[in-house]
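Counting in the UniProt record's numbering, the sequence shown runs from 1 upward without gaps.
Here the structure comes first, spelled out in structure tokens, and everything after it is commentary.
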Amino acid sequence: MRGERKGHSTVGRSDYREHGSSHWSVMTIAAGQMWQKRRSTAVILEEGKTKEAMNDGRRHEYQMANGCNSWLSIFRMFDTNYDGYIATHDLKRFVRNSAASFGLSREEANILLKNVDKNGDHLLDFAEFCTLMSRAKKLRMRHVLFRAAQMVVPRSNRTIPFSYLQQYNCFPPPLFMICISILEIVIYVYYVVQLGTGIEMYGPIPQQSLLIFNPHKTDEVWRYLTYMFIHIGIIHLVFNVLTQIILGIPLELVHKFWRIALVYLSGVLAGSLLDYAIDPRTYLAGASGGVYALLAAHIAELLINWTEMEFALYRALVLAVLISSDVSLISYMSHLAGFMAGVLMGTVVLRNFRKKNWERVVWWIAFAVTSLSFLALVLLNIIPHI
1 MRGERKGHST VGRSDYREHG SSHWSVMTIA AGQMWQKRRS TAVILEEGKT KEAMNDGRRH
61 EYQMANGCNS WLSIFRMFDT NYDGYIATHD LKRFVRNSAA SFGLSREEAN ILLKNVDKNG
121 DHLLDFAEFC TLMSRAKKLR MRHVLFRAAQ MVVPRSNRTI PFSYLQQYNC FPPPLFMICI
181 SILEIVIYVY YVVQLGTGIE MYGPIPQQSL LIFNPHKTDE VWRYLTYMFI HIGIIHLVFN
241 VLTQIILGIP LELVHKFWRI ALVYLSGVLA GSLLDYAIDP RTYLAGASGG VYALLAAHIA
301 ELLINWTEME FALYRALVLA VLISSDVSLI SYMSHLAGFM AGVLMGTVVL RNFRKKNWER
361 VVWWIAFAVT SLSFLALVLL NIIPHI
């Protein structure tokens, strides 16, 4: 009996264990399936949220594009091979398929498509993209800014300055060269009226002016700079004003007014210092030192980035014509000094949007040469009076 009970009990426990094991296996499998379903659901929900977030982000970018604040984001979205260019045929396809992705209305998209690839290289960099977008959206002032900046920024360095210009609200406006030019015109007219000579090709010459550089009054140190406001004749005035407006404003837009002011004024100062050191009997008038400093800054940029500058040969010819057409009563020393000051000071203060290691060495060399050159010129002007 005990054996039977024992045996029965043993069998019962065995059955219970088998039944319990099977029961827990079923529960485990069911739980696993439920967990897997929940996980799949969570993944789907997460993917949905991610896609929704991406869509929200894109919608936000497109809204920003309408406000002219994220063209760089839009450009990068369609720069499919990340080389900084969009093929023009790809751009046309993208715009036709989804103008809203660019923040463009249908009318604006049509305007953009009419002006694609004007230089015929079948590629669009960020600068050209900005120019097209500003034209399509009829942002006339911004379109002018981009066109002006293309004159002075090589293709490989355009992303940062054009991203800055895209958000540029004309404050501060590029007023330095404009104000200098207006002052030069007003002062010329003032002396024409005061001296009663009328407008002349090579006159009048206001020798008694407090602004002209007078070699007998070098103790009046402001004359080393203010002679730039005096011009000897209408040809002298027109050449300097037009040249500094054409060259100076694009540089000022990209590099800001204080950098261009330093380059321009360093050319003016170097011109008077060197001219007096070479010939201490010469009166000096005109802004040619500053103008040649701006010319030097453009020429240096053009030569360094020759292969990347659009229409480089034509620009070089224009600069050559500007230099050769200055046939007024020339002080070659002031022109030479202004040109050298433009190269050196331009290297020191103008923005470098893509810094390389060797350029740091060049910067320090230019800084040292600039400092030593101005120190030497100042000493050459002071020593004769000691």
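Even glycine gets a Cβ: it sits at the ideal position worked out from N, Cα and C.
By alpha-carbon positions, which one of the options ends up nearest to residue i?
i, options, result
"Ala270", "Ile178, Thr370 and Val349", "Thr370"
"residue 412", "Ile260, Leu317, Leu274 and Ile278", "Because residue 412 is not part of the residues shown, which for the chain are 1 to 386, the question remains open."
"Ile278", "Ile323, Glu128, Ala337 and Ser101", "Ala337"
"Tyr190", "Ala296, Leu104, Asp121 and His231", "His231"
"Leu247", "Met77, Arg315 and Leu377", "Arg315"
"Ser373", "Ala341, Asn214, His385 and Leu123", "Ala341"
"Asp121", "Ile386, Trp222 and His89", "His89"
"Trp222", "Gly196, Leu265 and Leu242", "Leu265"
"Ser181", "Lys114, Gln194, Glu107 and Met228", "Met228"
"Met333", "Lys92, Leu377, Ala368 and Ser73", "Leu377"
"Ile386", "Ile187, Leu195, Asp219 and Val343", "Asp219"
"Tyr276", "Val95, Leu251, Leu313 and Lys217", "Lys217"
"Cys130", "Leu72, Pro250 and Leu379", "Leu72"
"Cys179", "Ser134, Ile323 and Phe257", "Phe257"
"Gly84", "Gln208, Ile249, Leu123 and Ser101", "Leu123"
"Leu242", "Gly196, Ile323 and Leu317", "Ile323"
Tell me, which residues are paired with residue i by DSSP?
i, result
"Phe213", "Leu284"
"Glu200", "Gly203"
"Leu123", "Ala87"
Using a Cβ-Cβ cut-off of 7 Å (strictly less than) and excluding sequence neighbours within five positions of residue i, which residues of its own chain qualify?
i, result
"Ile299", "Leu319"
"Arg5", "For Arg5, the pLDDT reaches just 37, beneath the cut-off of 50, and the residue's location in the model is therefore unreliable, leaving the point undetermined."
"Trp363", "Thr347 and Val348"
"Leu45", "Confidence at Leu45 is low in this model, with a pLDDT of 38, below 50, so its placement is unreliable and no value can be given for it."
Leaving out five residues before and five after residue i in sequence, what residues of the same chain have Cβ atoms less than 8 Å from its Cβ?
i, result
"His335", "Gly271, Ser288, Gly289, Tyr292 and Asp326"
"Phe339", "Gly267, Tyr292, Ala293, Leu295 and Ala296"
"Trp35", "Note on Trp35: pLDDT 42, under 50, position unreliable in the model; no value is reported."
"Val321", "none"
"Asn357", "none"
"Phe75", "Ile86, Phe126 and Phe129"
"Leu375", "none"
"Gln194", "Pro206"
CB residue i to CB residue j, shorter than 8 Å?
i, j, result
"Tyr202", "Gly233", "yes"
"Leu253", "Pro174", "yes"
"Pro206", "Ile212", "yes"
"Met177", "Gln244", "yes"
"Asn110", "Leu273", "no"
"Val349", "Leu262", "yes"
"His236", "Gly198", "no"
"Arg93", "Ala99", "no"
With a CB to CB cut of under 6 Å and the five nearest residues on each side skipped, what residues in its chain are close to residue i?
i, result
"Thr347", "Ala366"
"Glu200", "Gly233"
"Met77", "none"
"Tyr188", "His231 and Leu237"
"Asp79", "Ile86"
"Asn97", "none"
Quick one: measure Cβ to Cβ for residue i and residue j, integer angstroms, because I've assumed they're closer than 8 Å.
i, j, result
"Asn240", "Glu184", "7 Å"
"Leu104", "Leu132", "10 Å between Cβ atoms; not a contact."
"Pro280", "Pro384", "7 Å"
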